[in-house]
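Enquirer: Pasting a structure here, questions to come.
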Amino acid sequence: MGEIKTKILLDEARIQARVKELAEQIDQDYADCDDLIMVGVLKGAFIFLSDLSRLVAIRRSVDFISVSSYTGSVSGNVRMLMDIRRNIEGKHVLLVEDIADTGRTLVYLKHLFETRSPASVRTAALVRKLDRMEHEVHIDYLGFDIPDVWVVGYGLDYDEQLRTLPYIAEIEPPTQ
Ligand code: IMP
Ligand code: MG
1219 MGEIKTKILL DEARIQARVK ELAEQIDQDY ADCDDLIMVG VLKGAFIFLS DLSRLVAIRR
1279 SVDFISVSSY TGSVSGNVRM LMDIRRNIEG KHVLLVEDIA DTGRTLVYLK HLFETRSPAS
1339 VRTAALVRKL DRMEHEVHID YLGFDIPDVW VVGYGLDYDE QLRTLPYIAE IEPPTQ
């Protein structure tokens, strides 16, 4: 892979400060909840979920799911690759995503989890591309709105690269 040019959009300190605020908000909102299940969407959410879940103080557990989305001819399709195994009936679930782009993944997951009779399903996303949103989904815990650019770092990848950067940067994909 050739050199990838990046420009920092959200630095590490800003992200960490915001994640801490979101954790405080979650603590307040779920103060009466005795077991919050925080479900991260692989792979992108692994860093956000690990930071967020360590900053909340309420009783919580973490779990992961994996989905793939198709943007080709069957547009709008999301497929479950790996589901959670535990029963969420009567439980509070917080879906944790790295990014809401079109919103398709979160809409799909929220609806799916709501069919399983949980006590509640809420959503968190570190960043959202507001101009790209096509699927109406309320994000209960949103880090930042960002412009419609491809971003990497803090879990987000470009062709599986750059996920582990501590900041979020904008990239210019090389022209083919
Ligand atoms: P959706 O369109 O909201 O369903 O987003 C689908 C998935 O596309 C996200 O969960 C990310 O994994 C990926 N994605 C969308 N935009 C970006 C980006 O700028 N950088 C890295 N991954 C992205
Ligand atoms: Mg993702």
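Residue numbers (my numbering): 1219 to 1394. Where a beta carbon is used, it is the ideal one built from N, C-alpha and C, also for glycine.
I'd like the list of long-range same chain contacts for Met-1298, defined as Cβ closer than 6 Å, with 5 residues on each side in sequence excluded.
Expert: Here residue 1298 is taken as the residue at index 80 of the sequence shown, counted from 1. Closer than 6 Å at Cβ, skipping near neighbours: Val-1285.
Enquirer: Mapping DSSP to helix, strand and coil, what is Tyr-1359?
Expert: Residue mapping note: residue 1359 aligns to position 141 of the sequence shown, counting from 1. In this structure, Tyr-1359 counts as strand in the three-state DSSP scheme.
Enquirer: Is Val-1202 a contact residue of the ligand IMP, with contact defined as CB to any heavy atom under 8 Å?
Expert: Missing from the structure shown is residue 1202; the chain here goes from 1219 to 1394 and no further.
Enquirer: Could you name the residues of the same chain whose beta carbon sits closer than 7 Å to that of Arg-1236, not counting the 5 residues immediately before and after it, in chain order?
Expert: Along the sequence shown, read from residue 1 onward, the residue named residue 1236 stands at position 18. So the qualifying residues of the chain are Gly-1361, Phe-1362.
Enquirer: Quick check on Asp-1269: does DSSP put it in helix, strand or coil?
Expert: In the sequence shown, counting from the first residue as 1, residue 1269 sits at position 51. In this structure, Asp-1269 counts as helix in the three-state DSSP scheme.
Enquirer: How should Val-1370 be labelled, buried or exposed, when 16 other C-beta atoms within 10 angstroms of its C-beta is the threshold for buried?
Expert: Here residue 1370 refers to the residue found at position 152 when the sequence shown is read from its first residue. It is buried - the Cβ of Val-1370 has at least 16 other Cβ atoms within 10 Å.
Enquirer: Return the chain-ordered ranges of every beta strand (DSSP E) run that is complete within the stretch 1290 to 1333 and spans a minimum of 3 residues.
Expert: Here the runs fully enclosed are 1296 to 1300, 1310 to 1318.
Enquirer: Could you have a look at Asp-1377 and say whether DSSP puts it in helix, strand or coil?
Expert: On the sequence shown, residue 1377 is found 159 positions in, with the first residue counted as 1. It is coil, neither helix nor strand.
Enquirer: Compute the Euclidean distance between the alpha carbons of Thr-1333 and Glu-1352, then round it to the nearest angstrom.
Expert: In the sequence shown, residue 1333 corresponds to position 115, counting from 1. In the sequence shown, residue 1352 corresponds to position 134, counting from 1. Going from the Cα of Thr-1333 to the Cα of Glu-1352 covers about 22 Å.
Enquirer: Hey, quick one: how far does the beta strand (DSSP E) through Asp-1252 stretch, first residue to last?
Expert: Position 34 of the sequence shown holds residue 1252. Run containing Asp-1252: none; DSSP gives neither H nor E here.
Enquirer: For Ala-1275, which of helix, strand or coil comes out of DSSP?
Expert: Position 57 of the sequence shown, counted from the start, is the residue given in the question as residue 1275. Coil, per DSSP.
Enquirer: Just to confirm my understanding: we take Leu-1330, look at its own chain, exclude 5 residues before and 5 after, and list those with CB closer than 8 Å. What are they?
Expert: Locating residue 1330 in the sequence shown gives position 112, where the first residue counts as 1. Counting only Cβ-Cβ distances below 8 Å, and skipping sequence neighbours, we find Met-1298.
Enquirer: With respect to 8 Å, is the separation between the Cβ of Arg-1304 and the closest non-hydrogen atom of the ligand IMP below this value?
Expert: Stepping through the sequence shown from its first residue, residue 1304 is reached at position 86. No - the ligand IMP has no heavy atom lying nearer than 8 Å to the Cβ of Arg-1304.
Enquirer: Restricting to Cα atoms, I'd like to know which of Asp-1358, Thr-1323, Glu-1354 is closest to Val-1339.
Expert: Walking along the sequence shown from the start, residue 1339 turns up at place 121. Here the closest residue by C-alpha is Asp-1358.
Enquirer: Check whether the stretch 1251 to 1269 touches the stretch 1315 to 1325, taking contact to mean three or more Cβ pairs, one atom from each stretch, closer than 8 Å.
Expert: With a cut-off of 8 Å, the stretch 1315 to 1325 and the stretch 1251 to 1269 count as touching, because enough Cβ pairs lie within range.
Enquirer: Would you call Ile-1226 buried or exposed, if buried means 16 or more other Cβ atoms sit within 10 Å of its Cβ?
Expert: Counting from one through the sequence shown, the residue named residue 1226 turns up at place 8. It is exposed - the Cβ of Ile-1226 has fewer than 16 other Cβ atoms within 10 Å.
Enquirer: Out of Ser-1268, Arg-1304, Tyr-1248, which has the shortest C-alpha to C-alpha gap to Arg-1277?
Expert: Counting from one through the sequence shown, the residue named residue 1277 turns up at place 59. Arg-1277 has its Cα closest to that of Tyr-1248, out of Ser-1268, Arg-1304, Tyr-1248.
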